[in-house]
Ligand SMILES: [Fe+2]
């Protein structure tokens, strides 16, 4: 029988495993994007936030494809986290062999790379996340030199799987991140 722990418990677990500030902020950004999608789809916000928060939990200690996200999901299974979360986290690693069958899994994969990309775009804008448009993000996506490590193919695949419009997807992820801006290390718009 699995139950979803309270948010603070997941946050403590995440902090125990992840000390690097940039990795923490990445998880918060993905969490914020998942919250925006939970609201959009009318899904359980805590479940979706928790999935975003914990999706790279083991990455700092176990970054290889042999171990990430398998060490983390094994622990989450032992701790009794819902299987839907475990499957979504496994599915976000394209090499895991676990298909993304639920909306939760598809959303996690769709927002993961994009949240990282939007963070990179925010860093080169004087107003950071404030006033960011899908148009400016798409322009940067076309510039292959910019944030070259972010897979444009994964972003396109995520949008396709989740069956959402690219502009709406980008603006939803920006919107979620704007709501949690101070936590992501960005100033709240005045
Ligand atoms: Fe991630």
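In the numbering used here, the protein residues as written are 349 to 538.
A virtual CB, placed ideally from N, CA and C, is assigned to each residue, including glycine.
Here the structure is a predicted model, which means the values were calculated and not measured.
Residue range of the unbroken alpha helix (DSSP H) whose run includes residue 482: Start and end: 482-490.
Beta-carbon contacts of residue 371 that lie in its chain and below 6 Å, excluding the five residues immediately before and after: Closer than 6 Å at the Cβ level, and outside the excluded window around residue 371, lie 408.
Alpha helix (DSSP H) segment containing residue 525, residue limits: Residue 525 -> alpha helix (DSSP H) spans 514-527.
Residues with C-beta closer than 6 Å to any heavy atom of ligand 1, in chain order: The set, ordered by position in the chain, is 374, 378, 403, 404, 460.
Own chain residues within Cβ distance below 7 Å of residue 329, not counting five before or after: This structure gives no information on residue 329, because the portion of the chain shown stretches from 349 to 538.
Alpha-carbon spacing of residue 460 relative to residue 479, whole angstroms: Distance between the alpha carbons of residue 460 and residue 479 is about 21 Å.
Among 358, 442, 365, 443, nearest to residue 379 - alpha-carbon criterion: Looking at 358, 442, 365, 443, the one whose alpha-carbon comes closest to that of residue 379 is 358.
Integer Cβ distance of residue 389 from residue 476, believed to fall under 8 Å: About 27 Å; that fails the 8 Å criterion.
Residue 433 versus residue 421 - alpha carbon distance: Residue 433 and residue 421 have their C-alpha atoms spaced approximately 9 Å apart.
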